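Student: The following block contains the structure, expressed as structure tokens.
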Amino acid sequence: MTDRALQLLRSNRELAELAAFPFDFDLGRADHVEHVVLASGAALTPIAGNDTGGTYFVCGDPDADGPVLYASSDGMAGLIGDSVDEALDMLTGLPGWRDYVSLTPGDGEERLLAAVAETEEDIRDTFAPEIDAQRAELRSALDLPERSAAELVQRLHRCLLRTEPDFLLLNGEELLAYQRLCRHPGPPLWETVLEPGRADLELLRTADGDRPASIGDDPVRRASVLRAAQFDHRVSDLPLLRRLLVQEADDAGPSEELRLALALVGAHGLAEDIPLLHGLRDRNEALRWGLHPWPGDAVELAQWAHELDGARFGRDLEAQSPLVWIGLARRQGRTETARAALIRLLDDTGPDADRLAALRGELELLGDFPQAARAQELWVSLQDTAWARGTGRLGLALLRRRSGDLPGAWQAVQRAAADLDGSDGDWRRRGVGHILVEEQLRITLAAAEEGLTDLARTSLAEAKVLMRRAKWQSDTGVGELVREAKWAVARLRAASD
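Under the numbering used here, the residues of the sequence shown are numbered 5 to 501, in order.
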């Protein structure tokens, strides 16, 4: 750790004691009440705690000056400084800082100063009558600059708003997100992901030359423009919407943006667009599902577009599914933005199987297999047939394996087999038997690679049992997996002997 102030505290016991009381930054309380991780997977290093069980963490490289995240013992977290020095600047300047997290710069300096004065008077009266002298002594020793209380509250507010998406804290076991320490909402996700599309839409409206083609040729920029056009209809946009529709039809298979482009063009209700749509259908089979039944004239086209728009799109930003904006954020490369939104949405989703399946799919596309497995496990718990639970647990096994939870993957396969045994369908005669055996073998290989000897041996034995029970001759691909698994376990056994 290279933060100057932290090094001074670690090397000077008297200063460390002063930081611990009355400023509640205790180097001896660095153990948090539970195992926690950052959703991004970045490193998290505890450096101090307070007398209520809260903990201060440095985020990122432990050998660098990383941002400081505070986590309370009751499941709330927030960023309080861009470095340990900055966090200590705030903690010593605002010893009652947790009373100010609901304030914003918009409250005005007079209100901010009044709130600080009230809290600090209470501190003097109850447990630290000499806090002003102690603050001056510690800040001087740490060489912290003079700042007004109002400035420090404003800096705290800005830090708290930057907590997400990059510093979202999770319970390390259940993977549930900590609640926001600051309840002031940031900008809505749709505003963030629509911004580049709106900018590109304006460029397309005004630019000549190759720029329109370059924007339309990029599938992500094209999708963002189409979403921007969804909420900003203009008659003059029809030529550029036609170009975007042609590019989307040529580049993409069935997609929501293709449906949207069809609706945006069709909404103009022009007979001259009928041949365009028929031509696109003739050269792109994916379009056949997009227009059914096919409109025969301008009136039918306008009516069809109106019904499609009302059923799937509309112009109310607040009425759109959050998954629309999350998917667009992922495609734009805003990985942590999409991840944080998905985790928050998953935490708030009740017994809604369709929503859980959609969340699982988005998390899997994002590469967050532990959270995808959490969504899948919740989905399985809602299924009311043994067959659905069994096939669902096969999917859960794959996600757990890909997340590195090999014992959990093995357990999911065993429970899947038990569910399938109790189902009405004969899994031995269906493709699910192939998947069951293949997943068991892949767990065997992964366990062998990780050096988990007992699990690898047990998993291989179980795969053999499943194959015998199914009276099933493996195909070439699975046969190769069987050989690889046997060799891997044999090598592991030889190494352990």
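Don't be surprised by glycine CBs; every beta carbon is placed ideally from N, CA and C. Values in this document were obtained by computation on a predicted structure and should not be read as measured data.
Near THR130, what residues of its chain come up, given a Cβ to Cβ distance below 8 angstroms and the 5 sequence neighbours on each side ignored?
Tutor: Taken in chain order, the list of residues that qualify is empty.
Student: Any idea what DSSP makes of GLY64, helix, strand or coil?
Tutor: Reduced to three states, the DSSP call for GLY64 is coil.
Student: Between LEU27 and THR96, what straight-line distance do the alpha-carbon atoms span, to the nearest angstrom?
Tutor: In the sequence as presented, Leu is not what sits at residue 27; that position holds Phe. Their backbone Cα atoms lie some 6 angstroms apart in a straight line.
Student: Expressed to the nearest angstrom, what Euclidean distance is found between the alpha-carbon atoms of GLU206 and LEU424?
Tutor: Between GLU206 and LEU424, the C-alpha separation is close to 55 angstroms.
Student: By DSSP's criteria, VAL40 is part of a beta bridge. Which residues make up the other side?
Tutor: Paired residues: ASN175.
Student: Look up ASP35 in the DSSP assignment and say whether it is helix, strand or coil.
Tutor: ASP35: coil per DSSP, three-state reduction.
Student: What's the call for TRP431, buried or exposed, on a 16-neighbour Cβ count within 10 Å?
Tutor: Result: buried.
Student: DSSP three-state label for GLY82, please.
Tutor: In the structure shown, GLY82 sits in a strand (DSSP, three-state: E or B).
Student: Have a look at the DSSP bridge pairing and note the partners of TYR74.
Tutor: Answer is TYR60, GLY82, bridged to TYR74.
Student: Is the stretch 107-117 in contact with the stretch 155-171, if contact means three or more CB pairs nearer than 8 angstroms?
Tutor: Because the criterion of three Cβ pairs below 8 angstroms is met, the stretch 107-117 and the stretch 155-171 touch.
Student: Looking at the structure shown, is MET5 part of a helix, part of a strand, or coil, going by DSSP?
Tutor: At MET5 the pLDDT is 42, less than 50, meaning the model places this residue with poor confidence; the figure from the coordinates comes in the next sentence. Coil, per DSSP.
Student: Which term fits THR448, buried or exposed, when burial requires 16 or more other beta carbons within 10 angstroms of its beta carbon?
Tutor: The residue in question, THR448, is buried, as its Cβ has 16 or more Cβ neighbours within 10 Å.
Student: Start and end of the beta strand (DSSP E) containing PRO50?
Tutor: It spans 48-53 - the beta strand (DSSP E) in which PRO50 sits, taken as one unbroken run.
Student: Report the CB separation of PHE235 from ARG319 in whole angstroms; it is logged as a contact under 8 angstroms.
Tutor: Indeed they touch by this definition, with Cβ atoms about 6 angstroms apart.
Student: Please state whether DSSP places HIS161 in a helix, a strand or coil.
Tutor: In this structure, HIS161 counts as helix in the three-state DSSP scheme.
Student: Spatial neighbours of GLN387 within its chain, please: CB distance less than 8 angstroms, with the 5 preceding and 5 following residues excluded, ordered by chain position.
Tutor: Cβ neighbours of GLN387 beyond the five flanking positions: ALA357, ARG393, GLY396.
Student: Write down the C-beta distance between GLY337 and ALA309 rounded to the nearest angstrom, noting that I regard them as a contact closer than 8 angstroms.
Tutor: In fact, because the Cβ distance is near 31 angstroms, the residues do not count as touching under 8 angstroms.
Student: Just how far apart, CA to CA, sit ASP241 and HIS272?
Tutor: Near 10 angstroms, if we compare the C-alpha coordinates of HIS272 and ASP241.
Student: How far does the alpha helix (DSSP H) with PHE373 in it reach, from first residue to last?
Tutor: Per DSSP, PHE373 belongs to the alpha helix (DSSP H) from 373-385.
Student: At 4 residues or longer, and completely inside the stretch 263-333: list those alpha helix (DSSP H) runs for me, N to C.
Tutor: With a minimum length of 4 residues, the continuous alpha helix (DSSP H) runs that stay inside the stretch 263-333 are 277-287, 302-312.
Student: Are there three or more Cβ pairs, one per stretch, closer than 8 angstroms when the stretch 223-237 is compared with the stretch 195-206?
Tutor: In short, these stretches touch, since the Cβ pair count reaches three.
Student: Using beta-carbon positions only, say whether ARG166 and LEU83 come within less than 7 angstroms of one another.
Tutor: Cβ distance < 7 angstroms, so ARG166 and LEU83 count as in contact.
Student: Per DSSP, which one or two residues make a beta bridge with ASP30?
Tutor: DSSP, once it has assigned bridges, lists GLY53 as partnering ASP30.
Student: In whole angstroms, what separates the C-alpha of LEU148 from that of GLY190?
Tutor: Approximately 30 angstroms between the Cα atoms of the pair.
Student: By DSSP's criteria, ALA181 is part of a beta bridge. Which residues make up the other side?
Tutor: Per DSSP, LEU174.
Student: In whole angstroms, what is the alpha-carbon distance linking ALA52 and GLY58?
Tutor: ALA52 and GLY58: Cα-Cα distance of roughly 9 angstroms.
Student: Roughly how many angstroms lie between the CA atoms of SER463 and ARG225, to the nearest whole one?
Tutor: Taking the straight line from one Cα to the other gives about 46 angstroms.
Student: For HIS188, report the span of its alpha helix (DSSP H) as first-last.
Tutor: Taken as a continuous stretch (DSSP letters only), HIS188 belongs to no alpha helix (DSSP H), as it is neither H nor E.
Student: Given a cut-off of 7 angstroms, decide if ASP372 and ARG343 are closer than it, judged by their beta-carbon atoms.
Tutor: Contact flag set, yes.
Student: Roughly how many angstroms separate the alpha carbons of LYS490 and CYS163, rounded to a whole number?
Tutor: Computed Cα separation, rounded: 54 angstroms.
Student: Would a C-beta distance cut-off of 7 angstroms place LEU517 and ALA377 closer than the cut-off?
Tutor: Residue 517 is absent from the model: the chain starts at 5 and stops at 501.
Student: Helix, strand or coil: which one does DSSP assign to HIS438?
Tutor: Looking at HIS438 - three-state DSSP - the assignment turns out to be helix.
Student: Alpha carbon to alpha carbon, what distance is there between GLU122 and ARG102?
Tutor: Their backbone Cα atoms lie some 13 angstroms apart in a straight line.
Student: From GLU261 to LEU291, what does the alpha carbon distance come to, in whole angstroms?
Tutor: Going by the C-alpha atoms only, they are around 12 angstroms apart.
Student: Please classify ALA413: is it buried, with 16 or more other beta-carbons within 10 angstroms of its beta-carbon, or exposed?
Tutor: Looking at its Cβ environment, which holds 16 or more other Cβ atoms inside 10 Å, ALA413 is buried.
Student: Have a look at ALA46 and LEU400 and give me their C-alpha separation to the nearest angstrom.
Tutor: If I take the Cα positions, the gap works out to 25 angstroms.
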